[in-house]
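First to last, the sequence lines map onto chains A and B.
Position one of the first sequence corresponds to residue 98 (the numbering used here), numbered consecutively onward.
Position one of the second sequence corresponds to residue 614 (the numbering used here), numbered consecutively onward.
The C-beta atom is built at its ideal place from N, Cα and C for all residues, glycine as well.
All values derive from a computational prediction rather than experimental measurement.
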Amino acid sequence: MDPVTGAAARDAVLAVPFAGGRSGTAPLTWGQRAIWHAIGRTAPNDHYFNLGRVLPLADRGAPVDAARLVAALTSLVLRHEALRTRLTALPDGAPGQLLYGEGRFDLIVREEPDPARTARAAEELLAELSGRRFGYADEWPVRLGAVRCAGRITHAVLALCHLASDGHGAEVLVRDLRLLVRRGSAGPVSARTPLELARRQAGEAGRRAGEAALAHWERGLAQAPPTMFAAPVAAPRTPRFWTGRLVSAALPRAVDALAAGHGVSGSAVLLTAAAALVAAGQGHRTAAVMPIAGNRAAADRRTMVSTLSQDALVVLPLPDDPAGTAVFTDLLPGAFAASLAGYRAASYDPAEWDALLERLARERGTEVHPYCCFNDMRLTERVAAPGGAPDAGELARLRERTVLDFPATQERVACRYCLHLTGDDAELTVTLTADTAYLPPEAIHAHLRALEELVVASAAGAPPRLADLGGLLAPSRVRA
Amino acid sequence: MSAPGTPPSPDTGALRLRLAESVARACDGAVGAAQVLASTESLAALGVGSLALLRLADAVEEEFGVLLDLGDGALHTDGFDGLVAQLVRLGATEPRWTP
């Protein structure tokens, strides 16, 4: 069996056996192939893509012992085929997926004698389990952990390989595991599985849908500059990629108010703001942004555990504005429509996508890729929080609590501008991971600050003029 | 299908009804078909969210065999009537018109 990597001396290792499941082989789904390509471009730092979740189990309900957790985990891996699927080579040499009907996982149980430290121990175990790259063909795509205090399991820990699941799927797993531990059952399972989805995508219906999606990409890319960040502006830092972070209590209120006022989604407000600022900062008249699309609108995909997310393309032409009177909020209705069209065209064969971009590069004589991505990781379709539109004074008070920092750096990321959104109604966390050769650290913070300023000023009834967006990014303004 | 060059027939009753039912299904029933039929505001103002619009596009493709252009701004500004007009332009027809 597999060596038990990640177990420390004080850990117990328990077997989680499973048997009686379906087995089979199929090509990779488009979503799996997309993340597999991204992993290849990011190796050996591909642990960047790992996902982690901690499930607290000591908060309420009957005490959970290890046997109960093992039984629940066995049910979980039988229920979700993605968890017992590994990468394999198909007869033609292409990467494929191999579903196992039986096998054994290892559960690492960490003893934590101090009841006040169990949550911290769980986070530490998660960091250990998710901090190493997966053996995609030789290892199960989920590493299982737990923290035990005085014989009672306080936390379950799941470190997930992105080939098996995206963030939505990880939430499904946590919900199901909670139900399996508490009740022993978790209701009906998603009818769609990665194996069947792969076979459907390889068939005629899949080919038609993929072609329609790639036609959208070709039309959009033809309207946009070859890339949003064309020329390095500084010597890259070491490590080269810096993550800037803005935590804002003003943004969620301002975003909700703008979304409600303009009949668009909150996500579209933030996408439009980011796109307009990138275009202004780089001197483009058209912005091209690649949001990560969940591809989970269809009812049969909502609770499917797999990686369905793929890149979408949203192209946003800025209006002709010779008088300089157009304001940011003028962009919202058109940008919302453009983003819906983009999200609709986000399911396609990544190999054909690669071929399209190679052909466009030959035709235009230069590499074609926006290198500008946007990932709204908030999970549900959001409705505006109660409380109505905030006034300017309230937004200004909330902004006093805004925090800006640099929490992380990376050696290698296959993009130049990656904006990630997490958070809730009370606080929005916006991180921008960027290539410091194109966006030096001060420019990363300038973009984050300007994003907040643009959205908050617009919600307060004073939307900045599009002609002034470049000024919002000026470093002197950030220092002020 | 109406002859080329003729304006869309104002008699789009059956199409409107089927489409309103599709919108209601895409919204998981949060917005009713009758409410959609009676609406004059944008679909967003009616409470049709972005995920529902994506589901609607899937449903329209399946039921009417046409690819809905979500990037057409009219869908958002002209509401349900704009959606009906787009489908008529795309050649989606009521069952009784189908040859």
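Since residue i contacts residue j with CB under 8 Å, what's their CB separation in whole angstroms?
i	j	result
A:PRO414	A:THR369	Not quite, the Cβ-Cβ distance comes to about 12 Å (not below 8 Å), so this is no contact.
A:TYR445	B:LEU667	So it is not a contact: roughly 15 Å between Cβ atoms.
A:HIS259	A:LEU125	Their Cβ separation, rounded to whole angstroms, is 13 Å, which puts A:HIS259 and A:LEU125 out of contact at 8 Å.
A:LEU277	A:VAL254	Not quite, the Cβ-Cβ distance comes to about 15 Å (not below 8 Å), so this is no contact.
B:ALA705	B:PHE677	4 Å
A:VAL552	A:LEU355	7 Å
A:GLY378	A:LEU570	5 Å
A:ALA219	A:LEU166	Actually they do not touch by this definition, with Cβ atoms about 13 Å apart.
Within its chain, find whatever has a CB closer than 6 Å to the CB of residue i; leave out the 5 residues flanking it on each side and keep chain order.
i	result
A:PHE202	VAL113, TRP237 and LEU241
A:ASP143	ILE136 and ARG230
A:GLY341	PHE503, LEU529, ILE541, HIS542 and LEU545
A:ALA409	PRO388, ALA390, GLY439, TYR440 and ALA443
A:ALA372	ALA384, VAL386 and LEU413
A:VAL361	LEU429 and PHE433
A:THR506	PRO336 and TRP339
A:PRO100	For A:PRO100, the predicted structure reports a pLDDT of 46, less than 50, and the residue's modelled location is therefore unreliable. The matter cannot be settled from this model.
A:CYS578	As shown, chain A starts at 98 and ends at 577. That puts residue 578 of chain A outside it, with no answer to give.
A:ARG107	GLU208
Can you list, in chain order, the residues of its chain with a C-beta nearer than 7 Å to that of residue i? Leave out the 5 residues immediately preceding and following it.
i	result
A:ARG275	LEU152
A:PRO323	ARG461, THR463, GLU464 and VAL465
A:LEU453	LEU311, TRP314 and GLU315
B:ASP685	GLN699
A:ALA554	PRO560 and PRO561
From the DSSP output, which residues share a beta bridge with residue i?
i	result
A:CYS246	A:ARG249
A:THR340	A:ALA505 and A:THR530
A:ALA109	A:VAL206
A:PRO430	The partner list for A:PRO430 (beta bridge, DSSP) is empty, contrary to what the question assumes.
A:GLN407	A:ALA390
A:LEU516	A:PHE471 and A:LEU529
A:LEU257	A:LEU148 and A:VAL239
A:ARG562	A:VAL424
A:LEU413	A:ALA384
A:VAL500	A:VAL344
Output needed for residue i: all residues of its chain with C-beta closer than 8 Å, excluding positions within five of it in sequence on either side, in chain order.
i	result
A:GLN407	TRP127, GLY128, ALA131, ILE389, ALA390, ASN392, ALA443, SER444, TYR445 and PRO447
B:PRO708	Below a pLDDT of 50, predicted positions are generally treated as unreliable, and B:PRO708, at 43, falls in that range; the measurement from the model is reported next regardless. Excluding residues within five positions, the ones whose Cβ falls inside 8 Å are ALA627.
B:GLY692	SER652, THR653, GLU654, SER655, LEU656, ALA658 and LEU659
A:VAL271	ARG150, LEU152 and LEU255
A:TYR197	GLY118, SER120, ARG181, THR182 and ARG183
B:SER635	LEU669, ALA672, VAL673 and GLU676
B:THR619	No answer about B:THR619 holds up, because its pLDDT of 46 lies below 50 and its placement is not dependable.
B:LEU630	ALA646 and LEU650
A:ASP162	GLY248, ARG249 and ILE250
A:GLY284	LEU276
Using a Cβ-Cβ distance under 8 Å, would residue i count as near chain E?
i	result
B:GLY662	The chain inventory of the structure shown lacks chain E, comprising the protein chains A and B.
Ordered list of alpha helix (DSSP H) runs contained in the region 112 to 180 of chain A, each at least 4 residues: Taken in chain order, the complete alpha helix (DSSP H) segments of 4 or more residues contained in the region 112 to 180 of chain A are 127 to 139 and 163 to 176.
Touching by the beta-carbon criterion (3+ pairs, under 8 Å), the region 402 to 412 of chain A and the region 333 to 350 of chain A: no
Start-end ranges of the beta strand (DSSP E) lying completely within the region 177 to 202 of chain A, minimum 3 residues: 182 to 186 and 192 to 196
What are the uninterrupted segments assigned as alpha helix (DSSP H) that are 4 or more residues long and contained completely in the region 341 to 398 of chain A, given in chain order? 347 to 359 and 363 to 379
4 or more residues per run - each alpha helix (DSSP H) lying fully within the region 212 to 245 of chain A: 215 to 227
Cβ pair count under 8 Å reaching 3, the region 490 to 497 of chain A against the region 318 to 333 of chain A: no
Looking at C-beta atoms only, is the number of pairs between the region 212 to 221 of chain A and the region 167 to 186 of chain A that lie closer than 8 Å three or more? no
Let me know the alpha helix (DSSP H) ranges lying completely inside the region 649 to 694 of chain B, each 4 residues or longer, listed in chain order. 656 to 659, 663 to 677 and 687 to 690
Assess, as a yes-or-no matter, whether the region 516 to 535 of chain A is touched by the region 303 to 323 of chain A under the definition of 3 or more beta carbon pairs within less than 8 Å. no
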